[in-house]
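Asks: Mind looking over this structure? Questions follow.
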Amino acid sequence: MSIRLFDTSASQVRDFVPLVPGCVSIYLCGATVQAAPHIGHIRSGLNFDVMRRWFAYRGYDVTFVRNITDIDDKIIAKSRESGLPWWQIGYANERAFNDGYSALGCLPPTGEPRATGHIPEMIEMMQALIERGHAYASDGNVYFSVTSYPDYLSLSHQQLDDLRQPEGEGETGKRDQRDFAMWKSVKPGEPSWETPWGRGRPGWHLECSAMAHKYLGSAFDIHGGGRDLVFPHHENEIAQSRAFGDDFAGYWVHNAWVTLAGEKMSKSLGNSVLVSEMVQKWRPIVLRYYLGTPHYRSMIEYSEEALREAETGFNRIEGFAQRVTEQHGEVAPSPQVPPAFAEAMDEDFGVPGALAIVHTAVRQGNAALAADDKENAVARLAEVRAMLGVLGLDPLDPMWTGPARGEDLHGVVDALVRLVLEQRQAARERKDYATSDAIRDRLTQAGLAIEDRADGSRWTLT
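The opening position of the sequence shown corresponds to residue 102 in this note's numbering, with each subsequent residue numbered one higher.
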């Protein structure tokens with residue numbers, strides 16, 4: 102079965118047909134680094150990480166480019182507020198984003214270009230567009246003439262007569278108020294670069310068109326980003342790039358937001374939950390499970406209760422994997438995922454349906470453990486590990502179990518808990534059940550679940 106995905110431009114699910122057989126090229130709009138990332142920012146990177154992993158599992162050679170917008174109005178505003186250089190703010194937050202991607206298990210991109218490193222490519226694109234009558238210079242700015250491109254708004258399906266183009270400070274000299282800025286003239290105290298039309302800095306939309314062209318060529322398979330980028334950003338990218346002569350993206354894939362109290366999580370609303378804070382309160386693999394297992398086109402309404410439910414769901418999977426490993430030794434992942442899991446993933450990266458197959462295998466595996474059926478228990482764990490590996494959620498993968506993930510304290514905690522459990526067992530043997538129950542209650546209050554078995558007691562995090 103071929104992979105199918107929802108194409109925003111077609112407003113429907115389409116069969117994926119790559120430009121080059123066996124290869125897939127993806128451009129993802131990455132971070133604008135004016136501030137540290139919240140979990141809404143990271144969701145996009147995580148969703149496309151799962152897509153990338155599935156393409157790779159299906160045998161594709163994946164080229165994945167995720168850009169960094171390191172100069173724009175917001176970064177300059179932060180510089181004014183803080184008194185710090187714009188580049189210092191950008192670089193610090195770039196590192197914070199990459200720390201967040203890494204903490205949640207996202208594979209590094211094939212390339213991660215910065216906007217400020219591609220000014221020559223932007224100038225070349227503007228010169229060509231001016232020569233072809235699609236752009237014009239005015240007051241040191243360079244604007245794209247939207248009426249010069251007949252297919253403008255084909256992605257967002259708006260009407261040109263009703264269009265209200267977002268504007269920035271100093272965007273003077275437009276021939277039509279619906280035109281958008283590709284280059285902004287220099288203002289006092291702002292960073293700038295020399296161009297044939299005077300000093301200035303790039304507009305947001307131009308940056309991605311130039312970088313996509315440089316790294317993926319005139320045509321590539323998939324352009325991705327958050328739903329909020331459909332207009333104006335992606336609409337304007339299409340106009341620039343196709344007027345320049347590029348075929349540009351064959352498919353447009355957009356992920357939904359993380360919301361809080363029904364509103365999109367954002368810095369401006371003050372409702373963001375920073376990744377750096379969240380990983381102190383929750384295990385990163387649990388955060389990945391929470392953000393990565395809903396369908397990428399579904400909104401996630403953030404709440405601590407929802408996160409606890411996700412943690413409980415993941416703990417059931419992890420507990421099964423740990424029990425099989427303890428009783429029967431290490432189990433390698435199966436070379437293939439079950440057909441039902443593959444069918445769900447092939448249909449627009451249907452992670453919720455795929456995850457249902459994971460939980461079914463876990464239930465079957467637990468039943469096999471209870472029946473002392475080693476063969477079936479091991480077989481189910483092999484399947485579970487294969488499926489979770491594709492999702493980046495295998496709890497037995499070294500990336501989640503190594504000391505770099507904070508698991509270096511596990512041995513210390515295990516030794517301390519076992520000492521307490523020995524005291525509890527001694528109380529039970531002398532029939533001091535009040536003390537035994539009190540110890541169990543205190544461990545439960547501390548966030549530990551105790552399972553009494555014939556071969557002794559076992560603890561897990563609740």
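For every residue, glycine included, the Cβ atom is placed at its ideal position computed from N, Cα and C. Nothing here was measured: the structure is a model prediction, and the numbers come from that model.
Looking only at DSSP bridge pairs, what is Lys288 linked to?
Replies: Locating residue 288 in the sequence shown gives position 187, where the first residue counts as 1. Paired residue(s): none; Lys288 is not in a bridge.
Asks: Take the Cβ of Gln341 as the centre, count every other Cβ of all protein chains shown within 10 Å, and call the residue buried at 16 or more, exposed below.
Replies: Along the sequence shown, one-based indexing puts residue 341 at 240. By the 10 Å Cβ count, Gln341 comes out buried.
Asks: Going by beta carbon distance, what residues of the same chain come within less than 6 Å of Phe281, once the five residues before and after it are set aside?
Replies: For the purposes of this step, residue 281 is taken as the residue at position 180 of the sequence shown. Within the same chain, Phe281 has close Cβ partners Phe245, Gln266, Asn337.
Asks: Are Ile190 and Gly131 touching if we call contact CB-CB under 8 Å?
Replies: Sequence index remark: in the sequence shown, residue 190 carries index 89 (1-based). Sequence index remark: in the sequence shown, residue 131 carries index 30 (1-based). Ile190 is not a Cβ neighbour of Gly131, given a cutoff of 8 Å.
Asks: Below 8 Å between beta carbons: does that hold for Val432 and Arg398?
Replies: What you label residue 432 is simply residue 331 of the sequence shown in a count that begins at 1. What you label residue 398 is simply residue 297 of the sequence shown in a count that begins at 1. It is not a contact, given that the beta carbons lie outside the stated cut-off.
Asks: Less than 8 Å between the beta carbons of Ile304 and Met283, yes or no?
Replies: Start at 1 with the first residue of the sequence shown, and residue 304 comes out as number 203. Start at 1 with the first residue of the sequence shown, and residue 283 comes out as number 182. Going by the sequence as given, residue 304 is Gly instead of Ile. In this structure, Met283 lies closer than 8 Å to Gly304 by Cβ.
Asks: Tell me where the beta strand (DSSP E) around Ala238 begins and ends.
Replies: Translated into the one-based positions of the sequence shown, residue 238 becomes position 137. Element bounds for Ala238: 236-239.
Asks: Helix, strand or coil for Arg506, going by three-state DSSP, please let me know.
Replies: Taking the sequence shown and counting its residues from 1, one reaches residue 506 at position 405. The predicted position of Arg506 is uncertain, since its pLDDT is 42 and thus under 50; a value taken from the coordinates is nonetheless stated next. Arg506: helix per DSSP, three-state reduction.
Asks: Would you please state the rounded distance, in angstroms, between the beta carbons of Ala528 and Ile540? I believe it to be under 8 Å.
Replies: By one-based count along the sequence shown, residue 528 stands at place 427. By one-based count along the sequence shown, residue 540 stands at place 439. With a Cβ gap of about 7 Å, Ala528 and Ile540 count as contacting.
Asks: Is the beta carbon of Asp150 closer than 8 Å to that of Gly493?
Replies: Here residue 493 is taken as the residue at index 392 of the sequence shown, counted from 1. Here residue 150 is taken as the residue at index 49 of the sequence shown, counted from 1. Contact: yes.
Asks: I need the DSSP call for Val354, collapsed to helix, strand or coil.
Replies: Sequence index remark: in the sequence shown, residue 354 carries index 253 (1-based). Reduced to three states, the DSSP call for Val354 is strand.
Asks: When the Cα atoms are used, what is the spatial distance from Ala350 to Val518?
Replies: Residue numbering aside, residue 350 sits at position 249 when the sequence shown is read from its first letter. Residue numbering aside, residue 518 sits at position 417 when the sequence shown is read from its first letter. In a straight line, the C-alpha of Ala350 is about 55 Å away from that of Val518.
Asks: Taking the runs of the beta strand (DSSP E) that are 3 residues or longer, which of them lie wholly in the segment 275-330?
Replies: Counting only unbroken stretches of 3 or more residues, the beta strand (DSSP E) elements lying wholly within the segment 275-330 are 281-286, 301-303, 320-327, in sequence order.
Asks: When DSSP labels each residue in this structure, what does Val359 get in the three-state scheme?
Replies: One-based indexing of the sequence shown puts residue 359 at position 258. Strand at Val359.
Asks: Is Thr164 helix, strand or coil when you go by DSSP?
Replies: Along the sequence shown, one-based indexing puts residue 164 at 63. Note: Thr164 maps to strand in three-state DSSP.
Asks: If you measure between the beta carbons of Val243 and Met227, is that distance less than 8 Å?
Replies: Indexing the sequence shown from 1 puts residue 243 at position 142. Indexing the sequence shown from 1 puts residue 227 at position 126. Cβ distance < 8 Å, so Val243 and Met227 count as in contact.
Asks: Would His306 be called buried (16 or more neighbouring beta carbons within 10 Å of its own) or exposed?
Replies: For the purposes of this step, residue 306 is taken as the residue at position 205 of the sequence shown. Its Cβ being crowded by 16 or more others within 10 Å, His306 is buried.
Asks: For the beta strand (DSSP E) that Val125 lies in, which residues bound it at each end?
Replies: The residue given as residue 125 occupies position 24 in the sequence shown. Note, Val125: beta strand (DSSP E), 124-129.
Asks: What do you get for Glu508, buried or exposed, if any count of 16 or more other CB atoms within 10 angstroms of its CB means buried?
Replies: Looking up residue 508 in the sequence shown gives position 407. Note that Glu508 has pLDDT 43, beneath the 50 cutoff, so the model's placement of it is unreliable and the number below is only indicative. It is exposed - the Cβ of Glu508 has fewer than 16 other Cβ atoms within 10 Å.
Asks: Are there three or more Cβ pairs, one per stretch, closer than 8 Å when the segment 465-474 is compared with the segment 447-455?
Replies: no
Asks: Helix, strand or coil, according to DSSP, for His258 in the structure here?
Replies: Here residue 258 refers to the residue found at position 157 when the sequence shown is read from its first residue. In the three-state reduction of the DSSP assignment, His258 falls in the coil class.
Asks: Helix, strand or coil for Ile551, going by three-state DSSP, please let me know.
Replies: Here residue 551 is taken as the residue at index 450 of the sequence shown, counted from 1. Ile551 falls in the strand class under three-state DSSP.
Asks: Which term fits His58, buried or exposed, when burial requires 16 or more other beta carbons within 10 angstroms of its beta carbon?
Replies: Nothing about residue 58 can be read from this structure; the chain reaches only from 102 to 563.
Asks: Using only alpha-carbon positions, find the residue among Gly318, Gly326, Ala357, Lys365 that is nearest to Asp348.
Replies: For the purposes of this step, residue 348 is taken as the residue at position 247 of the sequence shown. Here the closest residue by C-alpha is Gly318.
Asks: Using CA coordinates, which residue listed in Ile231, Glu412, Leu361, Ala136 is at the minimum distance from Tyr192?
Replies: As a first step, residue 192 must be located in the sequence shown, where it is residue number 91. Out of Ile231, Glu412, Leu361, Ala136, Ala136 has the C-alpha closest to the C-alpha of Tyr192.
Asks: Using the Cα positions of Glu523 and Val387, report the straight-line distance between them to the nearest angstrom.
Replies: Here residue 523 refers to the residue found at position 422 of the sequence shown. Here residue 387 refers to the residue found at position 286 of the sequence shown. Answer to the nearest angstrom: the Cα atoms are 30 Å apart.
Asks: Do you know how far the Cα of Tyr352 is from the Cα of Ala111?
Replies: Start at 1 with the first residue of the sequence shown, and residue 111 comes out as number 10. Start at 1 with the first residue of the sequence shown, and residue 352 comes out as number 251. About 9 Å.
Asks: Do the segment 372-381 and the segment 454-466 touch if we need at least three Cβ pairs shorter than 8 Å?
Replies: Not touching, per the Cβ criterion.
Asks: Quick one: any contact between the segment 110-129 and the segment 360-367, if contact means 3 or more CB pairs under 8 Å?
Replies: No: the two stretches stay apart, fewer than three of their Cβ pairs being nearer than 8 Å.
Asks: Could you tell me how far apart the beta carbons of Arg389 and Leu129 are, in whole angstroms, since I believe they sit closer than 8 Å?
Replies: What you label residue 389 is simply residue 288 of the sequence shown in a count that begins at 1. What you label residue 129 is simply residue 28 of the sequence shown in a count that begins at 1. With 8 Å as the limit, Arg389 and Leu129 do not qualify as a contact, their Cβ atoms being about 17 Å apart.
Asks: In chain order, which alpha helix (DSSP H) runs of at least 4 residues are fully inside the segment 468-504?
Replies: 475-492, 499-502
Asks: Kindly indicate which three-state DSSP category Lys175 falls into: helix, strand or coil?
Replies: Within the sequence shown, residue 175 is the residue found at index 74, counting from 1. Three-state result, Lys175: helix.
Asks: For Arg196, count neighbouring C-beta atoms within 10 Å of its own C-beta (all shown protein chains included) and say buried if the count is 16 or more, exposed if not.
Replies: Locating residue 196 in the sequence shown gives position 95, where the first residue counts as 1. Counting Cβ neighbours within 10 Å, Arg196 comes out exposed, since fewer than 16 surround it.
Asks: Tell me where the beta strand (DSSP E) around Leu106 begins and ends.
Replies: By one-based count along the sequence shown, residue 106 stands at place 5. Segment 105-108, the beta strand (DSSP E) holding Leu106.
Asks: In this structure, does DSSP put Phe245 in helix, strand or coil?
Replies: Here the question's residue 245 lines up with position 144 in the sequence shown. Correct three-state label for Phe245: strand.
Asks: State buried or exposed for Ala505, treating a residue as buried only when at least 16 other CB atoms are found within 10 Å of its CB.
Replies: Numbered from 1 along the sequence shown, position 404 holds the residue referred to as residue 505. At Ala505 the pLDDT is 42, less than 50, meaning the model places this residue with poor confidence; the figure from the coordinates comes in the next sentence. Burial call: exposed.
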